[in-house]
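Student: Quick note: the sequence shown uses our numbering, first residue 60, plus one each step. Even for Gly, the Cβ is constructed at its ideal location relative to N, Cα and C. Since we're looking at a predicted model, the values are computed, not measured.
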Amino acid sequence: MGSPVGYCPATSSHGGIITGPITNTFADGRPICVQGAIHICPMKKHGASQIQVTGFTMCDGKRVAVLGDRCNCGASIIEVSGSTFS
Numbered sequence: 060m061g062s063p064v065g066y067c068p069a070t071s072s073h074g075g076i077i078t079g080p081i082t083n084t085f086a087d088g089r090p091i092c093v094q095g096a097i098h099i100c101p102m103k104k105h106g107a108s109q110i111q112v113t114g115f116t117m118c119d120g121k122r123v124a125v126l127g128d129r130c131n132c133g134a135s136i137i138e139v140s141g142s143t144f145s
């Protein structure tokens, strides 16, 4: 089984918000997170950075982000689907 897909919008391991391109694909009634999503980190001097997507599954022409994918500040996706996997 693959990794659970991330939601967008969602929260990160740093408590920040992951937002960004909204897809037409949903998991559990919520849009999934794809390449190009931005993490807005609340930690001092971290700012905003893109999610570094590691998976190869595509959605709307972009790679799907999964549990554990990280941002430049070190935060990772933690709010994921319990039923949809990549």
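Return no unless some Cβ of chain B is closer than 9 Å to the Cβ of Cys67.
Tutor: Of the protein chains in the structure, only one exists, and it is not chain B.
Student: Residue range of the beta strand (DSSP E) that Gln109 falls in?
Tutor: Locating residue 109 in the sequence shown gives position 50, counting from the first residue. Residues Ala107 to Gln111.
Student: Measure the beta-carbon distance from Val152 to Thr82 and round it to whole angstroms, keeping in mind my assumption that it falls under 8 Å.
Tutor: It is not possible to answer for residue 152, since the shown part of the chain is limited to 60 through 145.
Student: Verify whether the separation of the beta carbon atoms of Ser108 and Cys130 is less than 9 Å.
Tutor: The residue labelled residue 108 in the question sits at position 49 within the sequence shown. The residue labelled residue 130 in the question sits at position 71 within the sequence shown. The answer is yes: Cβ separation under 9 Å.
Student: If Ile137 sits next to Asp128, beta carbons under 8 Å apart, how far is it from one beta carbon to the other, in whole angstroms?
Tutor: In the sequence shown, the residue the question calls residue 137 occupies position 78. In the sequence shown, the residue the question calls residue 128 occupies position 69. Ile137 to Asp128, Cβ: 10 Å. No contact.
Student: Since Gly79 sits in a beta bridge, which residues does DSSP pair it with?
Tutor: Taking the sequence shown and counting its residues from 1, one reaches residue 79 at position 20. Paired residues: none, contrary to the question.
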